[in-house]
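Here is the structure we will look at.
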Amino acid sequence: MGFFDKLKQGLKKTSQAITGQVNSVFKTFVKVDEELFDSLEEALIMADLGYETSTYIIEELRDRVKTKHINDGNDVKTELQNVIADILTERDTSMHLETTPSVILVIGVNGVGKTTSIGKLAMHYKSRGKKVLLAAADTFRAAAIDQLDIWAQRSGCDIIKHQENSDPAAVVFDACTAAKARGADVLICDTAGRLHNKKNLMAELEKISRVINRELPGCSRETLLVLDATTGQNAVSQAQLFKEAADITGIILTKLDGTAKGGIIIAISKEQALPVKFVGVGEGIDDLQEFNPRDFARAVFEQE
C-alpha cells in the first residue's frame with residue numbers, strides 16, 4: 008500500500024466524521040446562501056475542528072465563494088478542501104536536519120505513544136540510510152528506558168541509557184559525546200513529559216538544551232511534541248501548555264487511525280501555529296509518516 012492509500016485508510020474515521028457532516032449539509036441545501044454557511048460551520052464544530060478554527064474556515068470560505076462567484080455546491084466543497092489545505096500549508100511541515108549529527112528532542116505526556124513514536128522515527132531515518140542514536144533521557148520511568156531499549160534492538164540502533172532516576176541531562180551529555188564519536192547522523196532523545204509541574208519540565212528541558220548547545224554547537228535541532236489524536240480538543244490544550252514550557256518546532260500526531268477526531272490537526276495548526284510533522288496511521292513499524300498537508304486534505308475529502 009502506498010503512502011497516500013495508507014493515509015486514506017488511516018483517516019477513514021476522521022473522513023467519515025468530517026465529510027459525513029459536510030455532505031449531509033450539501034444534501035440539505037441546494038442554494039449557496041447564509042444558511043448553508045451556518046450549517047457548514049456547525050458541521051465542522053461537530054467534527055472536532057473547534058469553534059475558533061471552524062469560524063475562521065467559514066469566514067474564509069464565504070469570502071472566496073463571493074470573490075470567485077461560486078454558486079455550485081460541489082465547487083463550494085472543493086473550495087472548503089482548499090481552505091483547509093491552505094491552513095495546513097501555512098506552517099513549515101518539513102524536518103530540518105542539516106548538520107551531522109542533528110538532534111531531535113521528543114516530548115509529551117505518558118500514554119500518548121511517545122516512546123513508540125521515537126522507535127518508529129528511528130526506523131524512518133534508518134531506512135533512509137541515516138545512522139541513528141537513541142538517548143533514554145526519560146529517566147523517571149524504568150518502563151520508558153526498557154521500552155526504548157526494545158525499540159533500539161528492533162530498529163538496530165545504538166542506545167545511550169543510565170539508571171532510573173538519574174539526571175536526564177547527564178544521559179544527553181553522554182549521548183552527544185557518543186553521537187560525535189560514532190559518527191551518528193541523527194540523535195533522538197526521549198524526555199520526561201510531566202505536565203503537572205511545568206516549572207520542573209521547563210528547568211529540565213533548559214538544562215538539556217544547554218548541554219546540547221555546549222556539546223554540539225550549531226547543530227540542527229527539532230523539538231517534537233507527541234499528541235494523541237484520540238483525545239480531540241484536549242490535544243489542542245496540551246499543545247498550548249507544552250508550547251509555554253518548550254520551544255516546540257513541530258507535532259507528531261499519533262493514533263489517527265483509531266479516531267474520528269483527526270480534524271484537530273487543523274485546529275492545532277491554526278490556533279497554536281504549530282506544524283504537524285509526522286502522523287501515526289497504524290500500528291506497524293513503518294506507519295509513522297511525514298505529514299503532507301495537501302495529501303491530508305485530499306484523503307479526508309476523497310473517501311468513497
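Going letter by letter, the sequence shown gives residues 8 to 311 in my numbering. Even glycine gets a Cβ: it sits at the ideal position worked out from N, Cα and C.
| Check | Outcome |
| --- | --- |
| Is it right to say Asp40 is buried, meaning 16 or more other beta carbons lie within 10 angstroms of its own, or is it exposed? | exposed |
| Which partner residues does Ala143 have in the DSSP bridge list? | Asp197 |
| Do you know whose CA, among Leu231, Glu297 and Ala199, lies nearest Arg148's CA? | Ala199 |
| Going by CA-CA distance only, name the one from Asp45, Asn207, Leu260 and Phe44 that's closest to Glu251. | Asn207 |
| Do Ala306 and Leu128 count as a contact pair if the criterion is CB distance below 7 Å? | no |
| Let me check one thing: in DSSP terms, what residues is Leu232 bridge-paired to? | Ile114 and Ile258 |
| Using the Cβ count rule (16 or more neighbours within 10 Å means buried), how would you classify Asp99? | exposed |
| Below 7 Å between beta carbons: does that hold for Lys277 and Gly257? | no |
| Counting pairs of Cβ atoms below 8 Å between the region 63-82 and the region 181-193, do you hit three or more? | no |
| Pull up the CB-CB distance for Ala210 and Leu56, whole angstroms please, since I reckon it's below 8 Å. | Their Cβ separation, rounded to whole angstroms, is 35 Å, which puts Ala210 and Leu56 out of contact at 8 Å. |
| If we require 4 or more residues per run, which alpha helix (DSSP H) segments fall completely within the region 154-229? | 175-189 and 205-222 |
| Do Thr238 and Lys20 have their beta-carbon atoms positioned less than 7 Å apart in this structure? | no |
| Which first and last residues belong to the beta strand (DSSP E) in which Val283 is found? | Val283 to Gly287 |
| Which value, in whole angstroms, describes the spacing of the CA atoms of His169 and Ile64? | 48 Å |
| Scan the region 32-60 and note each continuous alpha helix (DSSP H) run of 4 residues or more that stays entirely inside, going in chain order. | 41-51 |
| Tell me the start and end of each unbroken beta strand (DSSP E) in the region 79-132 that is at least 3 residues and wholly inside, in chain order. | 109-114 |
| For Glu297, which beta-bridge partners are listed by DSSP? | Phe285 |
| Helix, strand or coil for Thr266, going by three-state DSSP, please let me know. | coil |
| Quick check on Gly239: does DSSP put it in helix, strand or coil? | coil |
| Express the C-alpha separation of Cys164 and Leu140 in angstroms, rounding to a whole number. | 6 Å |
| DSSP three-state call for Leu18: helix, strand or coil? | coil |
| When burial is assigned at 16 or more other CB atoms within 10 Å of the CB, is Gln247 buried or exposed? | exposed |
| For the alpha helix (DSSP H) containing Ala274, name the first residue and the last one. | Ile271 to Glu278 |
| Which word fits Glu66, buried or exposed, when buried means at least 16 other C-beta atoms lie within 10 angstroms of its C-beta? | exposed |
| Mind checking whether Val233 and Lys121 have CB atoms under 7 Å apart? | yes |
| Which same chain residues end up closer than 8 Å to Leu281 when comparing Cβ atoms and leaving out the 5 residues on each side of it in sequence? | Arg98, Leu232, Ala246, Lys250, Ile255, Gly257, Ile258 and Ile275 |
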